[in-house]
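Take a look at the structure set out below.
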Amino acid sequence: MRLSVILKEDNMKDIQALNTKIEYITNKDIDAAFLENAAIILRKGGIVAFPTETVYGIGANALDEDAVKKIFVAKGRPSDNPLIVHIDKVEDLKIVVADVPEVAKKLIDKFWAGPLTIILKKSEKIPYVVTAGLETVAIRMPADDIACKFIELAGVPVAAPSANLSGRPSPTCAEHVIEDLSGRVDCIIAGSKSKVGIESTVIDLTSVPPVILRPGFITKEQIEDVIGNVVEIDSDSNKDIPISPGLKYRHYSPKAPLTLFMGEDDNMVQEIVNSSKKYIKDNKKIGIICCDEHKNRYESLFKGMVYIQSLGSANKPETMVENLFEVLRKFDKWNVTHILSESFSEVGIGKALMNRLVKASSGRIVRC
Ligand code: TXA
Ligand code: MG
2 MRLSVILKED
12 NMKDIQALNT
22 KIEYITNKDI
32 DAAFLENAAI
42 ILRKGGIVAF
52 PTETVYGIGA
62 NALDEDAVKK
72 IFVAKGRPSD
82 NPLIVHIDKV
92 EDLKIVVADV
102 PEVAKKLIDK
112 FWAGPLTIIL
122 KKSEKIPYVV
132 TAGLETVAIR
142 MPADDIACKF
152 IELAGVPVAA
162 PSANLSGRPS
172 PTCAEHVIED
182 LSGRVDCIIA
192 GSKSKVGIES
202 TVIDLTSVPP
212 VILRPGFITK
222 EQIEDVIGNV
232 VEIDSDSNKD
242 IPISPGLKYR
252 HYSPKAPLTL
262 FMGEDDNMVQ
272 EIVNSSKKYI
282 KDNKKIGIIC
292 CDEHKNRYES
302 LFKGMVYIQS
312 LGSANKPETM
322 VENLFEVLRK
332 FDKWNVTHIL
342 SESFSEVGIG
352 KALMNRLVKA
362 SSGRIVRC
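Numbering (my numbering), first residue to last: 2 to 369.
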């Protein structure tokens with residue numbers, strides 16, 4: 002079932018004043034007529050949330066300065082945090098960037114359409130409001146059919162950050178977008194759950210060697226197989242001067258403080274058990290994030306007293322990343338007061354998982 006929400010068709014003047022009209026569409030196929038309406042809203046200068054294979058995005062015509070500004074207002078996003086421009090075909094790169102170096106061509110051939118964002122020198126057509134004043138622009142071609150059809154129908158490059166309120170966990174299903182942005186955007190294209198569930202890998206190709214600014218579904222190893230040596234920014238390096246403006250902001254934060262426990266498996270589980278006991282004694286409502294392999298150890302002690310959420314098997318990090326944001330939002334719904342999270346292997350896509358957990362913890366890390 003596809004749930005669709007149309008909020009308003011013309012440009013919004015006062016985001017608080019919007020009426021929310023919710024429309025349920027049951028056809029399995031892409032509803033081109035509905036997408037055409039959403040595309041018209043975007044072309045007229047409105048903002049539209051749409052699904053992608055990574056997370057939902059909130060889009061505006063990337064060539065329209067005023068439209069792009071509305072995204073920052075709707076999300077409460079600081080204006081010095083630049084946006085990713087989304088295109089539906091490689092030819093459209095020439096609208097967005099000044100030129101396409103060989104290294105970019107290789108990555109595009111291998112990973113597009115898909116969850117890889119590349120940063121190149123921007124073209125003159127891209128307004129500085131998109132790039133937050135930078136001479137570079139981030140570009141991505143999503144793999145999701147609805148996203149591609151929507152961008153194609155819009156007929157313009159689409160600037161789109163993740164469709165969450167600034168600082169909140171990224172949205173991996175329509176309900177998350179409705180929760181955060183209902184009444185703040187002109188239209189929500191509500192499709193199914195995002196398949197990947199974590200944001201794209203962001204790589205800056207204007208430096209030599211290229212720098213991975215945000216780990217994502219495409220791993221460093223996969224990228225190095227195609228273009229050789231690249232550098233990766235450390236998740237803990239927020240203290241350094243950020244190369245990517247987005248790195249300095251609070252991110253992926255559930256409402257309750259999240260403490261991340263890092264160490265050998267047995268020590269980590271024991272520390273989480275000890276902390277849970279203390280919080281339970283103080284009548285706190287706790288959420289535990291763990292892997293399948295450890296779930297029973299918590300359930301045998303705390304069943305019915307603590308919210309225990311496994312992200313999946315520790316051997317399947319791609320499932321764990323897919324579930325992370327959803328679990329964080331569930332804890333919000335249940336009004337837990339403290340989240341205690343295990344840490345996981347940083348091999349391959351585990352790197353992206355740990356990057357998001359470290360950021361969600363805002364530095365509350367217990368080494369055990
Ligand atoms: O999967 C994704 O990438 C999703 C979907 C909607 O495409 N989008 C997304 O956008 O995660 P956002 O805005 O939440 O994250 C974009 C990141 C931010 O950390 C931003 O600072 C960085 O990319 N970024 C964008 N343009 C940049 C630039 N020119 N130089 C350095 N970093 C840039
Ligand atoms: Mg985001």
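Ideal Cβ positions, reconstructed from N, Cα and C, are used throughout, including at glycine.
Span of the alpha helix (DSSP H) around residue i
i, result
"G60", "Looking at the DSSP string, G60 is not in any alpha helix (DSSP H); the run it does join, the beta strand (DSSP E), is G58 to N62."
"R215", "R215 -> not in any alpha helix (DSSP H); beta strand (DSSP E) instead, spanning V212 to R215."
"F73", "E66 to K76"
"H177", "A175 to L182"
Residue interval of the beta strand (DSSP E) (run including residue i)
i, result
"D205", "T202 to D205"
"I190", "Note, I190: premise wrong, no beta strand (DSSP E); not H, not E."
"H339", "H339 to S342"
"F303", "Note, F303: premise wrong, no beta strand (DSSP E); alpha helix (DSSP H) at D293 to F303."
"Y308", "Y308 to S311"
Contact test: residue i Cβ vs the ligand TXA heavy atom, cutoff 8 Å
i, result
"A164", "yes"
"E200", "yes"
"D205", "yes"
"A105", "no"
"A139", "yes"
"S171", "yes"
"R185", "no"
"A161", "yes"
"L182", "no"
"I1", "As shown, the chain starts at 2 and ends at 369. That puts residue 1 outside it, with no answer to give."
Environment of residue i [buried if 16+ CB atoms lie within 10 Å]
i, result
"L8", "Caution is warranted here: a pLDDT of 38 is assigned to L8, below 50, making its placement in the model unreliable, and the coordinate value is therefore given only provisionally. When all chains shown are included, L8 counts as buried."
"Y129", "exposed"
"V203", "buried"
"K123", "buried"
"N316", "exposed"
"G47", "buried"
"P210", "exposed"
"V178", "buried"
"N284", "exposed"
"I23", "Legend: pLDDT at I23 = 37, less than 50; position of this residue unreliable, value from coordinates given subsequently. That one is exposed."
"S314", "exposed"
"V348", "exposed"
"G58", "buried"
"D32", "buried"
"D187", "buried"
heavy atom of the ligand MG below 8 Å from residue i C-beta
i, result
"S362", "no"
"H177", "no"
"H87", "no"
"H252", "yes"
Residue from the options with nearest C-alpha to residue i
i, options, result
"T260", "E294, L341 and N284", "L341"
"F332", "R78, I72, R169 and L108", "R169"
"T320", "D293, K334, E343 and A39", "D293"
"R215", "A164, T118 and P79", "T118"
"N356", "F51, M263 and K76", "M263"
"V227", "Q310, V337 and F112", "F112"
"T207", "E54, E225 and V104", "V104"
"A155", "D89, F326 and G77", "D89"
"Y253", "E225, V328 and D187", "V328"
"A164", "I152, A191, K352 and G305", "A191"
"T173", "L325, K221 and N230", "L325"
Contact belief for residue i with residue j at Cβ below 8 Å, rounded distance in angstroms
i, j, result
"S277", "I290", "Not confirmed; about 12 Å, so no contact."
"I140", "I85", "7 Å"
"G184", "E200", "24 Å between Cβ atoms; not a contact."
"V159", "G60", "4 Å"
"V97", "V138", "6 Å"
"I219", "P116", "6 Å"
"S195", "P318", "That pair is no contact at about 16 Å."
Chain C contact for residue i (CB, 9 Å cutoff)
i, result
"S276", "Annotation note: the requested chain C is absent from the structure, which comprises a single protein chain."
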